[in-house]
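Per the numbering used here, residue 51 is the first one in the sequence shown, and the count goes up by one each step. Here the structure comes first, spelled out in structure tokens, and everything after it is commentary.
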Amino acid sequence: MDKKASMELGVNAIIILIIALAILGLALSFVTGLFKGGQEKLGGLVDRVDMPVHADSTNPLVFGSNEVIVKMTGNDKSATLLISVYNSNFQDGEPVGLHMTSCVFDQDPDGNYYFNLAAPKQSIPPGGDSGYRAIITPLDNIPTDPTTFICTITAWGDYYGEGGPTVSQQIIIKTIK
């Protein structure tokens, strides 16, 4: 009788251990999925393999699409844009940032700041490209009517606070109601 009881205890312990490991695995996959979903919603770095386009020495700044549409009504007044930057002039290990330098439209041909572009800085290896996921949001001074803008986005390097090399490219941004 004694041996049978110890055998049952061993089987019960193994079953409980297997159930605990299964629950732990499910919890880990849930948390991993939660963080992946959050990363997709926010701006961030994009794995090189996930980029639909790649920048090179001929085109050092390339966008995932030719135009961006920003909805001006509702709670989510923003748009996302995939950007690939090629490092031909930036120093190795130097953080490279993105900035929307100006936008023009038919009522303001001299240009102004109408949008904010948010994307984290990152180091790009020399001779390689890296992807950014940027969030574009309209500023308060933007016209309320649907408008088409031509905007310049610049990738810039920063030598310890002094101006570094830059590359620029233009993109069309349309606002809709």
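A virtual CB, placed ideally from N, CA and C, is assigned to each residue, including glycine.
Evaluate residue i with the Cβ neighbour count: other Cβ atoms within 10 Å of its Cβ, from every protein chain shown; 16 or more gives buried, anything less gives exposed.
i	result
residue 176	exposed
residue 82	exposed
residue 163	exposed
residue 197	buried
residue 63	exposed
residue 70	exposed
Helix or strand or just coil, what does DSSP make of residue i?
i	result
residue 189	coil
residue 218	strand
residue 133	strand
residue 161	strand
residue 91	With a pLDDT of 49 at residue 91, under the threshold of 50, the modelled position of this residue cannot be trusted, and the question is left open.
residue 80	helix
residue 230	An answer regarding residue 230 cannot be provided, because it is not within the stretch 51 to 227 covered by the chain.
residue 61	helix
With a CB to CB cut of under 7 Å and the five nearest residues on each side skipped, what residues in its chain are close to residue i?
i	result
residue 136	105, 106, 107, 110, 179
residue 139	215
residue 119	129, 224, 226
residue 156	none
Taking the alpha-carbon positions, what's the residue i to residue j distance?
i	j	result
residue 207	residue 225	30 Å
residue 152	residue 73	52 Å
residue 182	residue 133	5 Å
residue 125	residue 172	29 Å
residue 201	residue 68	57 Å
Who are the Cβ neighbours of residue i in its own chain at under 6 Å, not counting the five residues just before and after it?
i	result
residue 149	204
residue 217	110, 111, 205
residue 85	none
Please name the residue, chosen from the options, that lies closest to residue i on a Cα-to-Cα basis.
i	options	result
residue 165	146, 158, 199, 171	199
residue 158	169, 125, 193	193
Leaving aside the five residues before and after residue i along the sequence, list all residues of the same chain whose C-beta is less than 8 Å from its C-beta, in chain order.
i	result
residue 161	152, 153, 154
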